[in-house]
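Residue numbers (our numbering): 2 to 89. By construction, the Cβ of each residue, glycine as well, lies at the ideal position given by its N, Cα and C atoms. Note sheet for the following structure.
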C-alpha cells in the first residue's frame with residue numbers, strides 16, 4: 002500500500018517537473034510584441050535618452066576584474082554615469 006503511494010507521488014512530481022521545465026524552456030522570452038509600456042514601438046526611433054546616476058557594486062573579489070571592465074565600458078558609453086566596484 003505504501004509502495005503504491007510512493008509511486009503515485011513520484012509520478013505526480015515527475016509530471017509537475019516536466020511541466021515546469023517545458024514552461025521555463027520556451028524560446029520566445031514571453032514577449033508578445035516589441036511595444037513598450039506606453040504602447041508605442043521605439044525600435045525605429047533615432048532619439049536616445051541620456052543616462053545619468055551612480056551605482057555602487059559590491060561582490061566577490063574573483064569577479065571584480067570582470068565587473069570593473071564592464072563598468073568602465075558602460076561609463077565610456079554613458080558619460081553621465083558613475084559606477085564604483087568594491088570587492089570583498
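If we ignore side chains and look at the alpha-carbon of each, how far apart do residue 57 and residue 87 end up? Distance between the alpha carbons of residue 57 and residue 87 is about 7 Å.
Host beta strand (DSSP E) of residue 87 (start-end): From DSSP, the beta strand (DSSP E) with residue 87 extends over 82-88.
Assess contact between the region 50-70 and the region 12-27, defined as three or more Cβ pairs (one per stretch) separated by less than 8 Å. Is contact present? Touching, no.
What separation, rounded to the nearest whole angstrom, lies between the Cα atoms of residue 8 and residue 67? Rounded to the nearest angstrom, the two C-alpha atoms are 48 Å apart.
By DSSP's criteria, residue 60 is part of a beta bridge. Which residues make up the other side? Paired residue(s): 88.
Taking the alpha carbon of residue 65 as the reference point, which residue from 75, 50 and 89 has its own alpha carbon closest? It is 89.
With which residues is residue 55 paired in a DSSP beta bridge? According to DSSP, which records beta bridges pairwise, residue 55 is partnered with 83.
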